[in-house]
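Below is one structure; the comments refer to it alone.
In my numbering, the protein residues as written are 5 to 572.
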């Protein structure tokens, strides 16, 4: 009796019988399914032995009616990729034909995904399975005469999750059930710590991109926001050739981005992608096709899609993200002074994103935009793409103090999903220090790699470490906790958030002062400390207790966070 049969006999015959009966799983899939169910059993076997075993057993069981077939083996949340060879020569393949593939899970659930043209006669499909066992697929081509693309079928085996990255271990990112924060597929919370590298993915060469990824990963950033604009990458390639209706995709441009996206994912960084080069640059049909192409190519990776609330957005959402299996879609406003009202009720919208680059927009946020965002229905995570440090703004440069103030303030007022950051030298991928070449004359923007170490980047790292020590996703805004000083401008209001069970409360104080809090809102027998968001240090808190309120003086000048935790 083989090793797998011994293990199955001793540990899970009932489970094996059920899955073999329901899904016709090969023994390798059953074995790996049991490994996942048994948890740490896999750790007892050397990876090389495990791999040899599953590869051997996956194709050592011939069907009674067919010769042995070598099945591809893909870990749960990994990427299955299959290529197809077109039997038709198209002059403009991405516009003349389309490929869709239906995948069926071991339990009979189906997912429909989009295939993509990858140059010449080659088409591909990429898919990320989420269940161990035997999967099958069947293709459909808009050109039914294409025997290489239409009605092709196959199968593969999905094993237990393997790998070292956060996405390989915990799965892709999704919106949590409460609609307020993000989590991995296995339920592990995901705090959105976003960095705007917009043009960097396209403009950087591979060596510089490697530097960017290593630095941002070491700083604790777990989201990179980027776009396929501008037109030409570091190799002189464009996402498409030609104009308007005659335009065609350049697969080499996208292969260049394939590698960069993969490097981000391996480093534990989610890609938040704006898949459009620029609004209005392409006619509507080609604009939608370009988004479809990007979704087909990258949807199996750890990504979130950024869709601007622009004229084509509704059709893009309905024809691509609603119809086909998709990673989360974040609807972004088209203007800096507005909430994305028009489409936020659409079923394909998973989260909302808003930008605070300019001074006027930030004042609008401080006035009441955060509160409005919190009350929007249906409930969805809200993320603010924070102000860009040392960025181009009217009349004023944005400093690290501005960025930090905005991030903590926004986090407690409206959206515990996460925070956003940007350094102008990084987001525009500025490769020199010649002031004449920057759009903000006299600002002295640094090289992109120097901008990686702006002061606020370090403080954002401290913010993430600070907030992730708590169950931050349970926090809810609690303005009634604070007695606001008279005539306080909106941007200097003290803000508070508390869990519904009252075991944790956080209060952000934008400037040095004595704050007054309502006693009945305190956690039971709380431990109270001050956290310095500028240094990451903690200090004891001293309060003057009154009948209904308690006053807490901040330790020193500057902004502070008061932490109140229920004693255990």
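All C-beta atoms in this analysis are idealised placements derived from N, C-alpha and C, irrespective of residue type, glycine included.
If you measure between the beta carbons of residue i and residue j, is that distance less than 7 Å?
i	j	result
residue 138	residue 110	yes
residue 384	residue 416	no
residue 275	residue 261	no
residue 253	residue 292	no
residue 105	residue 162	no
residue 580	residue 486	Since the first residue shown for the chain is 5 and the last is 572, residue 580 is missing from the structure and cannot be characterised.
residue 325	residue 352	yes
residue 103	residue 153	yes
residue 535	residue 304	no
residue 516	residue 570	no
residue 290	residue 235	no
residue 563	residue 514	yes
Please report how far the alpha carbon of residue i lies from the alpha carbon of residue j, in whole angstroms.
i	j	result
residue 557	residue 165	50 Å
residue 392	residue 237	23 Å
residue 120	residue 129	6 Å
residue 150	residue 267	35 Å
residue 460	residue 492	25 Å
residue 81	residue 171	7 Å
residue 565	residue 407	15 Å
residue 480	residue 512	14 Å
residue 221	residue 390	19 Å
residue 307	residue 228	10 Å
residue 510	residue 219	30 Å
residue 401	residue 537	21 Å
residue 489	residue 281	47 Å
residue 83	residue 350	29 Å
residue 240	residue 206	10 Å
residue 431	residue 201	4 Å
residue 92	residue 257	24 Å
residue 195	residue 418	14 Å
residue 382	residue 184	10 Å
residue 273	residue 455	19 Å
residue 559	residue 539	13 Å
residue 116	residue 85	14 Å
residue 476	residue 503	8 Å
residue 243	residue 232	7 Å
residue 484	residue 550	17 Å
residue 127	residue 142	14 Å
residue 99	residue 249	9 Å
residue 561	residue 113	59 Å
CB-CB under 8 Å to residue i, same chain, minus the five flanking residues each way: which ones, in chain order?
i	result
residue 224	197, 464, 465, 468, 469
residue 140	107, 108, 157, 158, 159
Can you tell me which of the three DSSP states residue i falls into?
i	result
residue 47	The pLDDT assigned to residue 47 is 40, lower than 50, so where the model puts this residue is not dependable, and the model offers no usable value.
residue 325	helix
residue 413	helix
residue 433	coil
residue 352	coil
residue 186	strand
residue 487	strand
residue 171	helix
residue 550	coil
residue 146	coil
residue 422	strand
residue 269	helix
residue 393	strand
residue 264	helix
residue 481	strand
I'd like to know whether the C-beta of residue i is nearer than 7 Å to at least one C-beta of chain B.
i	result
residue 359	Within the model displayed, chain B is absent; a lone protein chain is all it includes.
Are there 16 or more other CB atoms within 10 angstroms of the CB of residue i, so buried, or fewer, so exposed?
i	result
residue 359	buried
residue 543	exposed
residue 377	buried
residue 181	exposed
residue 494	exposed
residue 622	Shown here, the chain extends from 5 to 572; a query on residue 622 therefore has no answer.
residue 409	buried
residue 246	exposed
residue 136	buried
residue 330	buried
residue 296	buried
Among the residues of its own chain, which have a CB less than 7 Å from the CB of residue i, if the five just before and after it don't count?
i	result
residue 208	216, 238, 433
residue 533	542, 543, 544, 545, 567
Which same chain residues end up closer than 6 Å to residue i when comparing Cβ atoms and leaving out the 5 residues on each side of it in sequence?
i	result
residue 449	At residue 449, the pLDDT of 47 sits below 50, so the modelled position is not reliable; the number obtained from the coordinates is stated separately. Excluding positions up to five away in sequence, the list reads 428, 429, 434, 442.
residue 310	276, 278, 334, 336
residue 125	89, 90
residue 174	188, 190, 192
residue 425	199, 390, 464
residue 547	554, 556
residue 518	555, 557
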